[in-house]
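Heads up: the sequence shown begins at 1 in the working numbering, then just goes up one per residue. Glycine included, every Cβ here is placed at the ideal spot set by N, Cα and C. Report on the structure given below.
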Amino acid sequence: NCGHNPIALYSSDQFEWLEKGTTILGAFESLPFIEVGKLYIKSDMKLLLYTDGILNLKNNQNQALSLYDLRDLLQRELISKSPEEIIAYFDQKIIQINVEDSLKDDVSLLAIDIKEPI
Numbered sequence: 001n002c003g004h005n006p007i008a009l010y011s012s013d014q015f016e017w018l019e020k021g022t023t024i025l026g027a028f029e030s031l032p033f034i035e036v037g038k039l040y041i042k043s044d045m046k047l048l049l050y051t052d053g054i055l056n057l058k059n060n061q062n063q064a065l066s067l068y069d070l071r072d073l074l075q076r077e078l079i080s081k082s083p084e085e086i087i088a089y090f091d092q093k094i095i096q097i098n099v100e101d102s103l104k105d106d107v108s109l110l111a112i113d114i115k116e117p118i
C-alpha cells in the first residue's frame, strides 16, 4: 500500500484490510523494506483503494470516518453497488467535507469488482 491506508478487500460475508507493502514511494533512494502478502481471492469480491483524505468524511455521529466506519459503509450500504456507483457515492460525499484548509487532504479512489477467482 506504499504508505497509504490499507486496501479494503470485501464481499457481503468477508472483509480484509490488505496492509502489506512498503513505505512511501519516491521518499527514499532505496526502499527500506517490502512486506509481501499472498492470499486467495474468491469471485464476487470488491477492492477499494483510497487515499486518507476520504477519512475526512463524517460518520453518523459527525466524527471523522474511521476504518471501522468505512468497513461498515462498504459492507452494508455499498456492497450491491458497481464500481462506478461507489465512486459516485463518494464523489457526492466529498463535496460535503468541511474541515479547516490546513487539514484538507487529497482524495483518490479506485473501486474494482472481482468476478473471477484469482
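Where do the N-terminal and C-terminal ends of the alpha helix (DSSP H) with residue i fall, by residue?
{"i": "Phe15", "result": "Taken as a continuous stretch (DSSP letters only), Phe15 belongs to no alpha helix (DSSP H), being part of the beta strand (DSSP E) at 15-18."}
Among the options, which has the Cα closest to the Cα of residue i?
{"i": "Lys58", "options": "Glu16, His4, Ile94, Ile114", "result": "Ile94"}
{"i": "Met45", "options": "Asp52, Leu78, Leu31, Leu67", "result": "Leu78"}
{"i": "Asp113", "options": "Phe28, Leu39, Ile87, Glu19", "result": "Ile87"}
{"i": "Lys38", "options": "Gln61, Glu19, Ser12", "result": "Glu19"}
{"i": "Arg71", "options": "Gly3, Gln14, Cys2, His4", "result": "Gln14"}
For residue i, would you say it is in contact with chain B, using Cβ-to-Cβ distances shorter than 8 Å as the test?
{"i": "Pro83", "result": "Absent from the structure is chain B; it holds one protein chain and no more."}
State buried or exposed for residue i, treating a residue as buried only when at least 16 other CB atoms are found within 10 Å of its CB.
{"i": "Ile34", "result": "exposed"}
{"i": "Ile7", "result": "buried"}
{"i": "Tyr10", "result": "buried"}
{"i": "Gln74", "result": "The residue asked about is misnamed: residue 74 is Leu in this sequence, not Gln. Classification for Leu74: buried."}
Short of 6 Å in beta carbon distance, which residues of its chain neighbour residue i, apart from the five on each side in sequence? Order them along the chain.
{"i": "Ile54", "result": "Val107"}
{"i": "Leu110", "result": "Leu49"}
{"i": "Trp17", "result": "Pro6"}
{"i": "Leu31", "result": "Thr22"}
Would you kindly report the start and end of the unbroken beta strand (DSSP E) that includes residue i?
{"i": "Asp106", "result": "Unbroken run through Asp106: none, as it is neither H nor E."}
* Which parts of the region 1-83 are runs of the beta strand (DSSP E), unbroken and 3 residues or longer, counting only runs that do not cross its ends? -> 7-10, 15-18, 45-50
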